[in-house]
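For reference, the structure is listed below as structure tokens.
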Amino acid sequence: MRISTQPVFRWTCLPGAANDCDLEPVAYEFFTQAFVLYEEEVADSKAQVTAIHLIIGTLQRMNVFGVENRDTLTHKATGYSAKLLKKPDQCRAVYACSHLFWVDDQDGIKDGERVLLCLKRSLRIANAAQQMANVTRGSSGPVTLFVEILNKYLHFFEKGNPQITTAAIQGLIELIKTEMQNDNTTANPAYDAFFASTLRYIQFQKQKGGVMGEKFGPIKGVILGLDG
Numbered sequence: 001m002r003i004s005t006q007p008v009f010r011w012t013c014l015p016g017a018a019n020d021c022d023l024e025p026v027a028y029e030f031f032t033q034a035f036v037l038y039e040e041e042v043a044d045s046k047a048q049v050t051a052i053h054l055i056i057g058t059l060q061r062m063n064v065f066g067v068e069n070r071d072t073l074t075h076k077a078t079g080y081s082a083k084l085l086k087k088p089d090q091c092r093a094v095y096a097c098s099h100l101f102w103v104d105d106q107d108g109i110k111d112g113e114r115v116l117l118c119l120k121r122s123l124r125i126a127n128a129a130q131q132m133a134n135v136t137r138g139s140s141g142p143v144t145l146f147v148e149i150l151n152k153y154l155h156f157f158e159k160g161n162p163q164i165t166t167a168a169i170q171g172l173i174e175l176i177k178t179e180m181q182n183d184n185t186t187a188n189p190a191y192d193a194f195f196a197s198t199l200r201y202i203q204f205q206k207q208k209g210g211v212m213g214e215k216f217g218p219i220k221g222v223i224l225g226l227d228g
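Counting in UniProt numbering, the sequence shown runs from 1 upward without gaps.
The following block contains the structure:
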């Protein structure tokens with residue numbers, strides 16, 4: 001039986017008003033109830049995915065919380081994300097949590113280390129998903145999760161997160177290329193095009209010149225088969 005996400009939706013609509021009125025205890029209680037409802041009333045795996053992304057997105061927009069309360073809520077959100085039923089869903093929810101630790105319009109939330117921890121965790125989950133696909137289907141799954149994570153690395157790299165290095169981005173590019181060349185990897189033109197588009201974006205940034213061109217300059221191999 002599919003359980004609706006409506007109860008969680010109601011409780012995540014309410015914190016916005018508390019946030020606007022600077023009522024931290026009220027907003028915290030709304031999130032606490034949303035997590036309780038998530039645990040007790042949202043049993044369907046697809047509904048859980050929708051609900052946790054709703055919670056993450058709402059929490060990202062909140063600026064009323066002090067350090068302790070925000071840490072508690074972000075820890076819960078990340079923990080529930082990593083417990084979703086399917087590995088790809090876990091991966092996407094965990095990397096979505098990285099945005100909880102780097103919010104552009106809130107000067108106090110620029111925790112580059114915790115952003116990196118979320119991205120590394122999502123990468124481990126993506127690796128596990130590949131291995132599981134290899135065991136169950138005799139072939140690795142598509143590289144799309146790795147490309148999605150690469151795009152998150154690029155996002156935070158551009159935002160100036162010092163924990164996201166060109167070496168880490170380079171390593172991800174090489175990992176994806178290796179996976180794509182693996183005979184066991186499931187071919188998918190759409191995912192291949194996604195990766196090619198990402199590489200073209202990096203190449204575009206490299207050619208822009210100025211500060212951004214200098215940032216992206218050390219990244220190699222963004223034109224397939226070349227060290228560009």
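Idealized CB from N, CA, C, for every residue including glycine.
* **Residues bridged to LYS120 (per DSSP)** => None; LYS120 has no bridge partner.
* Quick one, are the C-beta atoms of PHE194 and VAL135 less than 8 Å apart? -> Result no, Cβ atoms of PHE194 and VAL135 do not sit closer than 8 Å.
* To do: Kindly indicate which three-state DSSP category LYS177 falls into: helix, strand or coil?
  => In the structure shown, the three-state DSSP call for LYS177 is helix.
* Who are the near neighbours of THR78 in its chain, counting only those whose CB is closer than 6 Å to its CB and skipping five residues on each side? -> CYS97.
* Who pairs with LYS110 in a beta bridge, going by DSSP? -> DSSP lists TRP102 as the bridge partner or partners of LYS110.
* Would DSSP call VAL64 helix, strand or coil? -> Looking at VAL64 - three-state DSSP - the assignment turns out to be coil, as it is neither helix nor strand.
* Helix, strand or coil: how does DSSP classify PRO88 here? -> Three-state result, PRO88: helix.
* Candidates SER45, LEU73, GLN181 and ASP104: closest to LEU85 by CA position -> Among SER45, LEU73, GLN181 and ASP104, the Cα nearest to that of LEU85 belongs to SER45.
* Proximity below 8 Å, CB of ARG70 to CB of VAL94 -> At a Cβ-Cβ threshold of 8 Å, ARG70 and VAL94 do not count as neighbours.
* Around the C-beta of PHE216, are 16 or more other C-beta atoms found within 10 angstroms, so that it is buried, or is it exposed? -> By the neighbour-count criterion, in which a residue is buried when 16 or more other Cβ atoms sit within 10 angstroms of its Cβ, PHE216 is buried.
* To do: Rounded to whole angstroms, what's the CA-CA distance from ILE219 to GLN207? Just pull it up for me.
  => Spanning the alpha carbons of ILE219 and GLN207 requires a straight line of approximately 12 Å.
* Proximity to PRO25 [Cα-Cα], best of ALA43, VAL42, LEU73 and ILE52 -> For PRO25, the nearest C-alpha among the options comes from LEU73.
* To do: Leaving aside the five residues before and after residue 229 along the sequence, list all residues of the same chain whose C-beta is less than 8 Å from its C-beta, in chain order.
  => For the chain, the structure presents residues 1 to 228; residue 229 sits outside this window and is missing.
* DSSP state of GLY225, grouped into three classes? -> Residue placement at GLY225 is flagged as unreliable, the pLDDT there being 46, under the threshold of 50; the coordinate-derived value follows with that caveat. Reduced to three states, the DSSP call for GLY225 is coil.
* With a threshold of 16 other CB atoms inside 10 Å of the CB of THR186, please say whether the residue is buried or exposed. => By the neighbour-count rule (16 or more Cβ atoms within 10 Å), THR186 is not buried but exposed.
* To do: On a CA-only basis, which of THR165, LEU150, PHE156 and GLU113 is nearest LYS177? Give me that one, please.
  => The alpha carbon of LYS177 has as its nearest neighbour, out of THR165, LEU150, PHE156 and GLU113, the alpha carbon of LEU150.
* Asked: Measuring from the CB of ALA77, is there a heavy atom of the ligand MG at a distance below 7 Å?
  -> As presented, the structure is devoid of all ligands, the ligand MG included, so that no description of it is given.
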